[in-house]
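Only one structure is covered here, and it is reproduced in the block below.
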Amino acid sequence: MKITSTDNARIKYLNSLKKKSVRDREKCVFLEGENLCRDSARFGAELTAVFVSESYTSEIPPCEEVFELSERVFLKVAETQTPQGIIAVAKMPELSIEDIKETALILCDDVRDPGNMGTIIRTAHAVGASVALFGNCVDIYNLKTVRSSMGSVFAAKCVQCDTDDIKALKSRGYKLFSGMLHKDSKNLYDMNLQGNVILAVGNEANGIGNEISALSDAFVTIPMPGGAESLNAAVSASVMLYEYLRQNQ
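Numbering-wise, my numbering comes out as the position in the sequence shown, counting from 1, plus 2.
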């Protein structure tokens, strides 16, 4: 089917998915770009529809429906500065804390930056960890977050959690290590991260909040001999995850 008007109902629906309220209601995600659409499908995303421009000639990932858009309409819908000619709609994974089986979990406490969140999710995927979202984290299906994750948002298990969920994980044997300055903080590289662990990183400006701090089994800091004041959330999460991986290989 070819679409040549921006008044088409499918185009209006596609544009509406750029809003969080619509994504939450429809349980669907807007994807754009050849690599993102292909990798998301490869990681298990269920694509309900793919929209390609008239000039698109590459392979189309598996999906339920395919629509061809005129160049004018495609450019109206595209969000990137240099569109690659393909957009997809994917179903959101529906997961809860009970689905977490991995031995490592990166806990994001009020992480607001889409780029940081996407990088954290991508790193968790690389390491084989899950992601828990606590507090008012950025929407993981935000267009920028999804792009930054390079489709890993469909591979790593990402779940919303509250203090009761964290307590439930701790009752299953998980230990919570919070990356923050504290009177009892110890060097990350001196800690035993073997077994089931939750590694917490905090808000870019304010760090880890009181609720997570109160549940922590230990507080860790990353050594910075060069004298930098801090690392951003994504870098901190990556360092912690790879130290976990090193100790558990």
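No residue lacks a Cβ here, since even glycine has one placed at the ideal position from N, Cα and C.
Is it buried or exposed for residue i, if we count other Cβ within 10 angstroms and need 16 for buried?
i: Asn118; result: buried
i: Asn144; result: buried
i: Thr165; result: exposed
i: Pro116; result: buried
i: Thr125; result: buried
i: Ser232; result: exposed
i: Asp11; result: The sequence shown places Ala at residue 11, rather than the Asp named in the question. So Ala11 counts as exposed.
i: Leu71; result: buried
Return the CA-CA distance between residue i and residue j, expressed in angstroms with no decimal places.
i: Ala128; j: Ala158; result: 9 Å
i: Glu61; j: Leu109; result: 36 Å
i: Leu33; j: Ala202; result: 28 Å
i: Asn205; j: Arg114; result: 7 Å
i: Gly211; j: Asp111; result: 7 Å
i: Phe53; j: Ser238; result: 37 Å
i: Gly197; j: Glu104; result: 10 Å
i: Cys160; j: Leu135; result: 7 Å
i: Met3; j: Gly228; result: 59 Å
i: Ile224; j: Phe69; result: 49 Å
i: Glu73; j: Thr6; result: 8 Å
i: His184; j: Val148; result: 33 Å
i: Ile200; j: Phe179; result: 6 Å
i: Pro63; j: Arg40; result: 6 Å
i: Glu66; j: Tyr176; result: 40 Å
Identify the residues that DSSP records as bridge partners of residue i: which are they?
i: Asp111; result: Phe136
i: Ser55; result: Leu71
i: Cys163; result: DSSP, once it has assigned bridges, lists no residue as partnering Cys163.
i: Val31; result: Ala92
i: Phe1; result: Lying outside 3 to 251, the shown extent of the chain, residue 1 is not represented and no answer is given.
i: Val199; result: Ala106, Lys177
i: Ile5; result: Leu71
i: Leu49; result: Ala92
i: Gly209; result: Asn205
i: Asn189; result: Thr223
Tell me which same chain residues have a C-beta within less than 7 Å of the C-beta of residue i, skipping the five on either side of it?
i: Thr82; result: Glu34, Gly35
i: Arg25; result: Leu19, Val31, Tyr143
i: Thr121; result: Ser150, Ala236
i: Asn234; result: Asn118, Glu206
Within the same chain, show all residues whose beta-carbon is closer than 8 Å to that of residue i, passing over the 5 residues directly before and after it, in chain order.
i: Tyr191; result: Pro225, Glu245
Once the 5 residues before and after residue i are set aside, which same chain residues still bring their CB inside 6 Å of it?
i: Ile123; result: Val133, Ser151, Ser154, Val155, Ala158
i: Met182; result: Gly209, Ile210, Phe221
Indicate whether at least one CB of chain C lies closer than 8 Å to the CB of residue i.
i: Met242; result: In the structure shown, chain C cannot be found, because there is only a single protein chain.
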